[in-house]
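Residue numbers (our numbering): 6 to 379.
Every residue gets a Cβ at the ideal spot worked out from N, C-alpha and C, and that includes glycine.
See below for the structure under consideration.
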């Protein structure tokens, strides 16, 4: 018990000594890291993400329903306009055409008979063997028969067209990007045209569909150069140009973005549809301008070290070290590339040092809290 009491007393004495030393030691003198303002180039860029797509992507569908009989085109295949891609079973379409053709023949026979009756009735009417009413009835019957022939011909044309639709052809020259059918599959075109193939018209010319936040969209203009990378080739930097800034905004979780379309040349076909692109849009360039590290604009000295009231200073500023104390210099800033910011106006010259960090504050933060005993 005596040993335990002595141990507890020793711990309390050490804790009290540590508390007294920490509470009465002098705070570290301010030590600042400075960087020299200089003249150089600043390239302002807007970062965005997007997806590579063909400039023209054609969805090939069918206007008739049926069962897939054969497939003549597969993924990645080059196709020409008019080339057969697939065929639906034509049996039902051929049967319908045969029926409508027979109906047309029957309607034509009825018309021939009606015309013969009309000729005979005209002769009998002139000889006053029949009445005007009987003549009119015969004339009307001939007109009805002629209408039935026209109706039957229209049905034949319709069935011929449907039979033609059973053969799916490519509407453009291009590459098959996607195939969504297999042999034996039933496709239904009752309510909307189903997509059977997707064809990229020309993969040597691609586009990036990117999203840019509303905070940055005001800087984006048609024709601005773009550089980007894709995950498949991280060491290769590609280039392009802004083709279109679309006005239609997209809002997700209260975040508003706009679609920016970027033209990209793809002569070697290395870039593939669907790849993710991390791009930088060059929005402005300034040559040989006065600049400071952006961290210098974020620096604020400890309270009381400058004699200024903290929290009431407005506007951009940097701090110079004069006689060991930070002195505020108000500046007007221009463009920024995140690392450097342009100084447009202010009492700052190239070659003058500006403060970017308080080294003493960092060291002091690593010590024990003062004046507290646990």
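Report the three-state DSSP secondary structure of residue i (helix, strand or coil).
i: residue 3; result: Nothing can be reported for residue 3, as the shown portion of the chain is limited to 6 through 379.
i: residue 209; result: coil
i: residue 156; result: helix
i: residue 124; result: helix
i: residue 98; result: helix
i: residue 61; result: coil
i: residue 390; result: Outside the shown range of the chain (6 to 379) lies residue 390, about which nothing can therefore be said.
i: residue 107; result: helix
i: residue 221; result: helix
i: residue 115; result: helix
i: residue 90; result: strand
i: residue 252; result: strand
i: residue 364; result: helix
i: residue 344; result: coil
i: residue 275; result: coil
i: residue 214; result: strand
i: residue 330; result: strand
i: residue 258; result: coil
i: residue 83; result: strand
Exposed or buried, which one is residue i when buried takes at least 16 other CB atoms within 10 Å?
i: residue 364; result: exposed
i: residue 184; result: buried
i: residue 51; result: buried
i: residue 271; result: buried
i: residue 167; result: buried
i: residue 252; result: exposed
i: residue 229; result: buried
i: residue 273; result: exposed
i: residue 67; result: buried
i: residue 245; result: buried
i: residue 164; result: buried
i: residue 277; result: exposed
i: residue 175; result: buried
i: residue 42; result: buried
i: residue 191; result: exposed
i: residue 80; result: exposed
i: residue 233; result: buried
i: residue 98; result: buried
i: residue 4; result: This structure leaves residue 4 out entirely; the chain is present only between 6 and 379.
i: residue 202; result: buried
i: residue 215; result: buried
i: residue 241; result: exposed
i: residue 161; result: buried
i: residue 239; result: exposed
i: residue 134; result: exposed
i: residue 171; result: buried
i: residue 157; result: buried
i: residue 44; result: exposed
i: residue 104; result: exposed
i: residue 255; result: exposed
Using 8 Å as the limit for Cβ to Cβ distance, is residue i near chain C?
i: residue 98; result: Structure shown: chain C not included; a single protein chain is present.
Identify the residues that DSSP records as bridge partners of residue i: which are they?
i: residue 306; result: According to DSSP, which records beta bridges pairwise, residue 306 is partnered with nothing at all.
i: residue 230; result: 246
i: residue 50; result: 287
i: residue 282; result: 55, 235
i: residue 41; result: 358
i: residue 335; result: 322
i: residue 352; result: Residue 352 is not bridged to any residue.
i: residue 296; result: 43, 347
i: residue 301; result: According to DSSP, which records beta bridges pairwise, residue 301 is partnered with nothing at all.
i: residue 241; result: Answer is none; residue 241 lacks a bridge partner.
Which same chain residues end up closer than 7 Å to residue i when comparing Cβ atoms and leaving out the 5 residues on each side of it in sequence?
i: residue 361; result: 38, 39, 40, 298, 300, 301, 304
i: residue 322; result: 333, 334, 335, 336
i: residue 351; result: 334, 335, 336, 337
i: residue 181; result: 78, 79, 80, 81, 82, 84, 202, 204
Please work out which residues of its chain come closer than 6 Å, Cβ to Cβ, to residue i, disregarding the five sequence neighbours upstream and downstream, and give them in chain order.
i: residue 250; result: 225, 265
i: residue 154; result: 112, 113, 116
i: residue 289; result: 49, 340
i: residue 209; result: 271, 272
i: residue 354; result: none
Going along the chain, which residues of its own chain have a beta-carbon closer than 8 Å to the beta-carbon of residue i, five neighbours each way excluded?
i: residue 212; result: 57, 58, 59, 60, 248, 266, 267, 268, 269
i: residue 343; result: 299
i: residue 293; result: 44, 45, 46
i: residue 122; result: 143, 146, 147
As an exercise, report each continuous beta strand (DSSP E) stretch of at least 3 residues that is fully enclosed by the stretch 126 to 210, in chain order. Complete beta strand (DSSP E) runs here, min 3: 172 to 174, 179 to 184, 200 to 205.
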